[in-house]
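Working notes for the structure below.
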Amino acid sequence: MSVESHEGVHRHPAPTSFIRKYIFSVDHKVIGIQYIILALVAVLVGMTMSLLMRLNLSWPPPHSWPILETLFPTGAPGGVMTPEFYLSLVTMHGTIMVFFVLTTAPQGGFGNYFLPIQIGAEDMAFPTLNMLSFWVTLVGFIVILLAIFAEGNQSVGQWFAALGPSFAGGSGTVGPIGGWTGYAPLSALGKIAGPGQGAGMNLWVISIAIFCVGSLLGALNFITTLLNMRTKGMSLMRMPLTCWAWFTTAVLALLSFPVLLGGGILLLLDRIAGTSFFIPSGLYVSGLLSGTNPNFPLHTGGSPILWQHLFWFFGHPEVYIAILPGMGATSHILSTFARKPVFGYRAMVFAIFAIGLLGFFVWGHHMFISGMSPYSAIAFSVLTLSIGVPSAVKTFNWLGTLWGARIRFTTAMLFALGFVSLFVAGGITGLILGQSSLDLAMHDTYIVTAHFHLVMGVASIFGMFAALYFWFPKMFGRFMNEKIGKLHFWLTFIGVYAIFVPMHIMGIVGMPRRYASFGEYEFLRTLHPLVLLVSVAAIITITAQLIFYFNLIWSVFKGEKAGDNPWEATTLEWTTATPPPHDNFAGVLPTVYHGPYEFAVPGAPKDYVMQTEAEADVPSGNGHNGHKH
Amino acid sequence: MGRVLAVIIWIITLLSVLLFVSGKWWFPTAISEHAPALDRQFMITIVVVGIAFTAAQVGLGWMVWKYRATGSAADRATYSHGSNRLEVIWTVITAVVFIALGVMGQSVWASLRLHDAPAGSYSVEVVAQQFQWNFHYAGKDGKFGRTDPKLIDDSALNFVGLDSADAAAADDAVTATLAIPVNRPVELRLRSKDVIHNFWVPQLRFKQDLVPGMEIKVHFTANKVGKYELACAELCGQLHFKMKSYMLVLPEEEIQALQALPQDQFQARMAELLAKYPLPTYQ
């Protein structure tokens, strides 16, 4: 297959004004950095919320934190958090982390910046669409932040109440109460169902719907760019594994976000237009029967479980949307610093595909005990266990890549190794939770919290830390400080294990998720030392992230200067200038001759052969080297 | 650096495994017939998980310990693009182990969920609401009185909408505590008045959502007399964490005597039984 370079289709002149260059930029590199900044801001909000939650769990009421009263006079009167305040933290932490951190930085951030460069393109296929996808996503973020003020501030809440009865706010929370999954009918009923169910929930639904649109625009762009704009010689099987991961992620996003978008619109209609997609008849809420009071209009015929199907049909692929880019970055960085080709490149590509494909057939494992057919649970369960196979294949191949390596322990490499360790630790408990029988006991306990935080949250974030330490020199022309970076790694790596391993034990004992306090239950009393341990570990680990923020900002201005290929890496981003010019390759698109990971080639003058070096440099007959044309 | 990382990975692995095998924290002792099979399946699975976790972490540590760069430019890594044979071997092995676990993991589920409660089961209607449990007992006649959402009136304490015009309702009782017989199949008919709740007694080893608009039937057999905490395990709003009740597992004669009482005495007797039985002790 010959690969055309679509010159002229996407070429646009370098902007000169500040606004077009840095704000409303159509340059994929600037947009990538914008996404990363969005994620860095969002993760601060999300992390602060988890810190507040840990304070409440380990020092429960009546313990008073005077600072909380200063910050949240209605959410924590007397410095004691209300349960509704705690639950809104749960909801907003999850929503902000999943959507605005784990879906922005890995794909919109690093994918945007490096996919076009790694395939040898001058920009994305649709640069303006790319700009729009970021700005739409940012609007979504602003709307979710509005939920904090609409619920937390009385006067803002009153302003929202003027929009209609379903918009009443000011309930003293920082947003809705519903968890990031927003199960109907709690999320559909409106203010009558309790605090946070007015303005906060409306803004939550609207924010997610906007986010879906932004992600769809991005996904279209990624797919088109990758399929159409690879440079000469860049066959599919010569692409870096990062590109395969971003591509598969984009396909997952394209197929799953529309379902959530549709579901979100239906939920909003239930809330503000009196429809009944998710609300059944005969509900009796807060002393009122549906249809007997203007505050609670008649609802009839809806299905609460329908929302769960729509949500999880998106929600499970979303897990892979969050982690696949981390897998790609880890494969890429492991190979680079192991100074060794990726072990089983083809198997890695097939595994990414298999994970992406199977990811669409397992959503029901979130719903074993929801009341859906018990027969479908069996199908979902066995399919879920089989998704462990490609995940294990990836792990074996990462270990295979390290076997016989000559590892250079940069900070990026440490985080990539940390990713492997955490992916195994978090993923392997899927073998427990995926079994319908065991889920009877494990469902919605802290073992679930531990499982998905380790694998979808922390491992993905480790992938992004690895990516940032690795690509920072290319993006900003300076290294991040390695000494501070390594300190950041050690504290974070040990810290996250200290936080999440004990949570498994809590789940086995039976501690339920989303409880504002555990004091009501005798069977949970023995867990208090572990709860405290987790909180202390969380406080230390979260504080350690300040080191990272300092390093990041300091290094942008003061970091040691980096050359074009400081890591002695092989792929196209390292063939161009640091930082890359506006059109990535200064007018001359590179030609590719090899697969992406030609390290330690026998007989080659250096221990790495770049993708653009002429064919003669790599001896033939040693392993499969992608398709050659 | 490689050695430090290896040692830290190994220490984390060791501490994690120790936390699991210490036995200090584990499931509360089970009291249902299906629970031993579930606990056994959990043990089998966690042993597989533990072995895989340990092997992967020890292997990862070993790689970073052994394959450090030496600093000599002439010393290069092994040039290898992989091995199809190894790919096939580890794909097949993991597929067999994982899918076998998955298939084994259906047996308890199938025994509990794929057939109806056996004849002669003791039935209770469970009606959840924000943030309270209501248990509706059929009374002496063994027949549940008619209920209708239109008749629900919390302020008049008719929490489940019992129709007093229905003859079968005359001997029915509604309480906030669940009482069931020991060693006899129990069927719960689960409903919700408002949002989704979840019925959960940790010692029973099962959860089930109560979904508004649906009646979901579950069955089980409890085999140990006593009092157990009953929790809501699905986020249902502000006071979710306080949506607590108790399940009393009573000897057959005690349940029969309770069942024969009229509503007002039923409540009083239930309060006595709640005081009579202590909670299990948790170490």
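First to last, the sequence lines map onto chains F and W.
Residue numbering for the first sequence follows my numbering, beginning at 269 and increasing consecutively.
Residue numbering for the second sequence follows my numbering, beginning at 3 and increasing consecutively.
Idealized CB from N, CA, C, for every residue including glycine.
All values reported here derive from a predicted model rather than from experimental measurement.
Tell me whether residue i sits in a helix, a strand or coil according to DSSP, three-state version.
| i | result |
| --- | --- |
| Trp-27 (chain W) | coil |
| Leu-431 (chain F) | coil |
| Trp-333 (chain F) | coil |
| Val-856 (chain F) | coil |
| Gly-662 (chain F) | Looking at the sequence shown, residue 662 (chain F) is not Gly but Lys. Lys-662 (chain F): helix per DSSP, three-state reduction. |
| Met-724 (chain F) | helix |
| Glu-254 (chain W) | helix |
| Phe-490 (chain F) | helix |
| Lys-219 (chain W) | strand |
| Val-99 (chain W) | helix |
| Leu-116 (chain W) | coil |
| Asp-851 (chain F) | coil |
| Trp-448 (chain F) | coil |
| Trp-12 (chain W) | helix |
| Phe-677 (chain F) | coil |
| Gln-813 (chain F) | helix |
| Tyr-290 (chain F) | helix |
| Asp-174 (chain W) | coil |
| Ser-194 (chain W) | strand |
| Ile-773 (chain F) | helix |
| Trp-327 (chain F) | coil |
| Phe-636 (chain F) | coil |
| Asp-168 (chain W) | coil |
Rounded C-beta distance between residue i and residue j? I'm assuming under 8 Å.
| i | j | result |
| --- | --- | --- |
| Phe-546 (chain F) | Pro-453 (chain F) | 6 Å |
| Ala-170 (chain W) | Tyr-139 (chain W) | Rounded, the Cβ-Cβ distance is 12 Å, inconsistent with contact. |
| Val-220 (chain W) | Leu-252 (chain W) | The pair is not a contact, with the Cβ atoms about 19 Å apart (cut-off 8 Å). |
| Lys-209 (chain W) | Leu-281 (chain W) | That belief does not hold up - the Cβ atoms of Lys-209 (chain W) and Leu-281 (chain W) are roughly 20 Å apart, past 8 Å. |
| Glu-788 (chain F) | Lys-246 (chain W) | 5 Å |
| Thr-499 (chain F) | Pro-858 (chain F) | 6 Å |
What do you get for residue i, buried or exposed, if any count of 16 or more other CB atoms within 10 angstroms of its CB means buried?
| i | result |
| --- | --- |
| Gln-258 (chain W) | exposed |
| Gln-267 (chain W) | exposed |
| Thr-843 (chain F) | buried |
| Ser-270 (chain F) | Low per-residue confidence applies at Ser-270 (chain F): pLDDT is 43, beneath 50, and the placement is therefore not dependable, though the value from the model is reported in the following sentence. Answer is exposed; the Cβ neighbour count stays below 16. |
| Glu-272 (chain F) | Residue placement at Glu-272 (chain F) is poorly supported in this model, since its pLDDT is 48, which falls under 50; the coordinates still yield a value, given next. Looking at its Cβ environment, which holds fewer than 16 other Cβ atoms inside 10 Å, Glu-272 (chain F) is exposed. |
| Phe-761 (chain F) | buried |
| Trp-28 (chain W) | exposed |
| Met-878 (chain F) | buried |
| Asn-86 (chain W) | exposed |
Of all Cβ atoms in chain F, is any one closer than 8 Å to the Cβ of residue i?
| i | result |
| --- | --- |
| Gly-141 (chain W) | no |
| Glu-127 (chain W) | no |
| Phe-243 (chain W) | yes |
| Met-249 (chain W) | no |
| Gly-239 (chain W) | yes |
| Ala-71 (chain W) | yes |
| Gln-265 (chain W) | no |
| Asp-168 (chain W) | no |
| Phe-146 (chain W) | no |
| Asn-200 (chain W) | yes |
| Gln-261 (chain W) | no |
| Tyr-284 (chain W) | yes |
| Pro-279 (chain W) | Checking the sequence shown, residue 279 (chain W) turns out to be Tyr, not Pro. No, because no Cβ of chain F sits closer than 8 Å to the Cβ of Tyr-279 (chain W). |
Does the beta carbon of residue i come closer than 8 Å to any beta carbon on chain W?
| i | result |
| --- | --- |
| Thr-846 (chain F) | no |
| Ile-715 (chain F) | no |
| Val-617 (chain F) | no |
| Tyr-588 (chain F) | no |
| Leu-690 (chain F) | no |
| Lys-896 (chain F) | Low confidence applies here, because Lys-896 (chain F) scores a pLDDT of 39, under 50, leaving its location unreliable; read the following figure in that light. No, no contact with chain W. |
| Ile-773 (chain F) | yes |
| Val-657 (chain F) | yes |
Any beta carbon of chain C sitting closer than 8 Å to that of residue i?
| i | result |
| --- | --- |
| Pro-330 (chain F) | Given the protein chain composition of this structure (F and W), no chain C is represented. |
Q: Would you list, in chain order, the members of the stretch 40 to 74 of chain W that have their beta-carbon closer than 8 Å to a beta-carbon of chain F?
A: Leu-40, Gln-43, Phe-44, Thr-47, Ile-48, Val-50, Val-51, Ala-54, Phe-55, Ala-58, Gln-59, Gly-61, Leu-62, Met-65, Val-66, Tyr-69, Arg-70, Ala-71 and Thr-72
(Q) Against chain W, which members of the stretch 700 to 731 of chain F pass a CB distance test of less than 9 Å? (A) Ile-700, Gly-702, Gln-703, Ser-704, Ser-705, Leu-706, Asp-707, Leu-708, Ala-709, Met-710, His-711, Asp-712 and Thr-713
Q.
What are the residues in the stretch 24 to 41 of chain W lying within 7 Å of chain F by C-beta distance?
A. Trp-27, Trp-28, Phe-29, Pro-30 and Leu-40
Q: Mind checking the stretch 207 to 227 of chain W against chain F and listing, in chain order, the residues whose C-beta falls within less than 8 Å of any C-beta there?
A: Arg-207, Phe-208, Lys-209, Gln-210, Asp-211, Val-213, Pro-214, Gly-215, Met-216 and Ile-218
Q. Using Cβ-Cβ distances below 9 Å, what residues of the stretch 787 to 818 of chain F are close to chain W?
A. Gly-787, Glu-788, Tyr-789, Glu-790, Phe-791, Leu-792, Arg-793, Thr-794, Leu-795 and Leu-798
Q) Got a sec: which bits of the stretch 383 to 395 of chain F sit with their beta carbon under 7 Å from any beta carbon on chain W, in order along the chain? A) none
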